[in-house]
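Asker: Mind looking over this structure? Questions follow.
Number of protein chains: 2
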Amino acid sequence: MTAKTKHNIVIVDDHLLFAGSLEKLLESFGEFNVLFHAKNGADFQQKLKLAKTQPDVVLLDINMPVMDGFETANWLSSYRKDIKVLALSMDDDEETILRMLRCGANGYLLKDIHPDKLREALLEVINKGYYHSEKVAATLLQSLNPTQEKPEHRLKENERIFISLACTEMTYKEIAEKMNLSPKTIDGYRHELFSRLQIKNRVGLVIYALKHDLYRIQ
Amino acid sequence: MTAKTKHNIVIVDDHLLFAGSLEKLLESFGEFNVLFHAKNGADFQQKLKLAKTQPDVVLLDINMPVMDGFETANWLSSYRKDIKVLALSMDDDEETILRMLRCGANGYLLKDIHPDKLREALLEVINKGYYHSEKVAATLLQSLNPTQEKPEHRLKENERIFISLACTEMTYKEIAEKMNLSPKTIDGYRHELFSRLQIKNRVGLVIYALKHDLYRIQ
DNA sequence: AGAGACAAGGGGATAAACCCTGTTCTTTTT
DNA sequence: AAAAAGAACAGGGTTTATCCCCTTGTCTCT
């Protein structure tokens, strides 16, 4: 197989070591060519616009700083529909998978799969346009693709700030002071978020924040 | 370089894709030989005992199910002091680094480093016995190596169970019911943990749990 | 017999959670 | 241009949960 007929891949992952290793793995398969790496969505946008050759598939990590996988997939699916997105993540929960597919990803791969599965997934995404693992039914993909992210989960800036502060040991009173708002306003934020996100208490809010990467441990 | 003179490496990581990719990267360096993979500490223990050839270095992931990197390093440092441990993690916080070094790791690598750094780190661990990155001073390593894990952070089984339940939306009363204990006993657990782990409230406990992988999102 | 752990209790202060009401604003409708 | 609707912010009051004292009984171990 000559370089011309090889499939062009781009890797977007903030872990350089993983990205570099993955490139070696892809090379070892013999039928893929890695065009470039990017360390987040914003970096990818820049490099893609400057690139002479366009990729066939983007291997996209979900958890990244600056611009995460969800945003990046959302952007790419409106920017160039022909470039396929294969999401890479350690999360196997339905919510994350669905969210990624809603953002326009053509496939979803867990990082704990066997390397051979990656080759299989890449070829299937290139040939069929999507990859359905055991976990993700193709029908599910069809029905959810048009709809974008849940509107009730769209957060305002102050809500994001409040949520991340709620993930600390601060009391609501202290959070109110920090945000220069009345404790009663914070009480309103809390109540509003509890009902919108369907959670029952502050622990639920912390878990939600961590699930959706609104707060990061350490 | 013949196979005999190559350095033997073992990769312990629950992400098969990463482990497999990493192997290709190590092979591409030409001076390393990957003996086997393990998907967690327990798996590693088994395979190590059965292995004909002993590794020079173990590349050890920290976040793993069943038996994590801390436990594994702790075990290996008492089982075979001559096998070097190079910890691999995405966490760059001091607490995690120090904890890992206290558990007997000979070096600590972040997953977002450049692949060439891995080669450098491996060779240094093999030749010098340790690897000091920019973040970890060699002196720090020296002073902390003999001491094992903080005894006050060693948790009893019921404490672990309580902590993971405290990461849900359950009230303490509900947790007490689930554990077949009086709410007052739970109150005792809570108070004891707050002072031992130096945290102020339930959110602090949730954050601690997530930091130390006592509870996993999703 | 005393030390140390574990489980459980009483009582009380503070924080969290849930009501419902009211004031400014801006935006939308008529 | 006036009226209606919808936000963001803030208040009063109440219940429940959390958090923090300090004390007691019951085991086990040495």
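Those protein sequence lines, which keep their order, are chains Y and Z.
The numbers in this note's numbering rise by one with no breaks, and the one at position 20 of the first sequence is 704.
The numbers in this note's numbering rise by one with no breaks, and the one at position 35 of the second sequence is 719.
Every residue, glycine too, gets a C-beta built ideally from N, C-alpha and C.
Going along chain Y in order, which residues have a C-beta closer than 8 Å to the C-beta of GLY704/Z?
Answerer: Under the 8 Å cutoff, chain Y gives LEU709, HIS798, PRO799.
Asker: For a test of the three-state rule: what should DSSP assign to ILE810/Y, helix, strand or coil?
Answerer: ILE810/Y falls in the helix class under three-state DSSP.
Asker: At which residues does the alpha helix (DSSP H) containing SER705/Y begin and terminate?
Answerer: Where SER705/Y is concerned, the enclosing alpha helix (DSSP H) stretches over 700-713.
Asker: Please confirm whether ILE767/Z has its beta-carbon closer than 8 Å to some beta-carbon of chain Y.
Answerer: By this cut-off, ILE767/Z is not an interface position.
Asker: By Cβ distance, which residues of its chain are closer than 8 Å to LEU719/Y, with the 5 residues on each side in sequence left out?
Answerer: Excluding sequence neighbours, LEU719/Y sits near ASN692, ILE693, VAL694, ALA735, THR737, PRO739.
Asker: Closest to SER712/Y by C-alpha separation, out of PHE713/Z, PHE716/Z, SER705/Z, would be which residue?
Answerer: Checked all of PHE713/Z, PHE716/Z, SER705/Z; the closest Cα to SER712/Y is SER705/Z.
Asker: Anything in the stretch 871-894 of chain Y with a Cβ closer than 8 Å to a Cβ of chain Z? List those residues in chain order, please.
Answerer: If the cut-off is 8 Å between Cβ atoms, the stretch 871-894 of chain Y has ILE883, LYS884, ASN885, ARG886, VAL887, GLY888, VAL890, ILE891, LEU894 near chain Z.
Asker: I'd like to know if LEU760/Z contacts chain Y, where contact means its C-beta is closer than 8 Å to some C-beta of that chain.
Answerer: Closer than 8 Å: no.
Asker: Under three-state DSSP, which class holds ASP766/Y?
Answerer: In this structure, ASP766/Y counts as coil in the three-state DSSP scheme.
Asker: Taking C-beta pairs closer than 7 Å, name the residues in chain Y that LYS795/Z reaches, listed in chain order.
Answerer: Correct list: HIS699, LEU701, PHE702.
Asker: I'd like to know whether the C-beta of THR852/Z is nearer than 8 Å to at least one C-beta of chain Y.
Answerer: At least one chain Y Cβ lies under 8 Å of THR852/Z.
Asker: Quick one: using the 10 Å Cβ neighbour count with 16 as the cut-off for buried, is ASP775/Y buried or exposed?
Answerer: Label assigned to ASP775/Y: buried.
Asker: How big is the Cα-Cα spacing for THR756/Z and GLU841/Y?
Answerer: Computed Cα separation, rounded: 42 Å.
Asker: At a Cβ cut of 9 Å, what residues of the stretch 713-745 of chain Z count as close to chain Y, listed as they run along the chain?
Answerer: Listed by position, the residues of the stretch 713-745 of chain Z near chain Y (Cβ gap below 9 Å) are LYS723.
Asker: Identify the contact partners of MET774/Z in chain Y, using a Cβ-Cβ distance below 7 Å as the criterion.
Answerer: Within chain Y, the residues near MET774/Z are HIS699.
Asker: Who are the Cβ neighbours of PRO830/Y in its own chain at under 8 Å, not counting the five residues just before and after it?
Answerer: Low confidence applies here, because PRO830/Y scores a pLDDT of 42, under 50, leaving its location unreliable; read the following figure in that light. Within the same chain, PRO830/Y has no close Cβ partners at all.
Asker: Given a cut-off of 8 Å, decide if ASN717/Z and ASP698/Z are closer than it, judged by their beta-carbon atoms.
Answerer: Taking 8 Å as the Cβ cut-off, ASP698/Z and ASN717/Z do not qualify as a contacting pair.
Asker: What's the C-alpha gap between LYS768/Z and GLN730/Y?
Answerer: Using only the alpha carbons, I get a separation of about 41 Å.
Asker: Against chain Y, does ILE693/Z count as a neighbour if the rule is that its beta carbon must be under 8 Å from one of theirs?
Answerer: With 8 Å as the cut-off, ILE693/Z does not count as an interface residue toward chain Y.
Asker: VAL696/Y: which of VAL890/Y, ASP752/Y, LEU709/Y sits nearest, CA to CA?
Answerer: For VAL696/Y, the nearest C-alpha among the options comes from ASP752/Y.
Asker: At 8 Å on the CB atoms, spell out the chain Z contacts of MET807/Y, in chain order.
Answerer: According to the sequence as given, residue 807/Y is Leu; it is not Met. What LEU807/Y touches in chain Z: nothing, since even the nearest Cβ is about 16 Å away.
Asker: Which residues in chain Z sit within 9 Å of ILE901/Y, going by Cβ to Cβ distance?
Answerer: Within chain Z, the residues near ILE901/Y are ASP775, ASP777, ILE891, LEU894, LYS895.
Asker: Assuming VAL741/Y contacts LEU806/Y (C-beta within less than 8 Å), just tell me the rounded distance between them.
Answerer: About 6 Å; that satisfies the 8 Å criterion.
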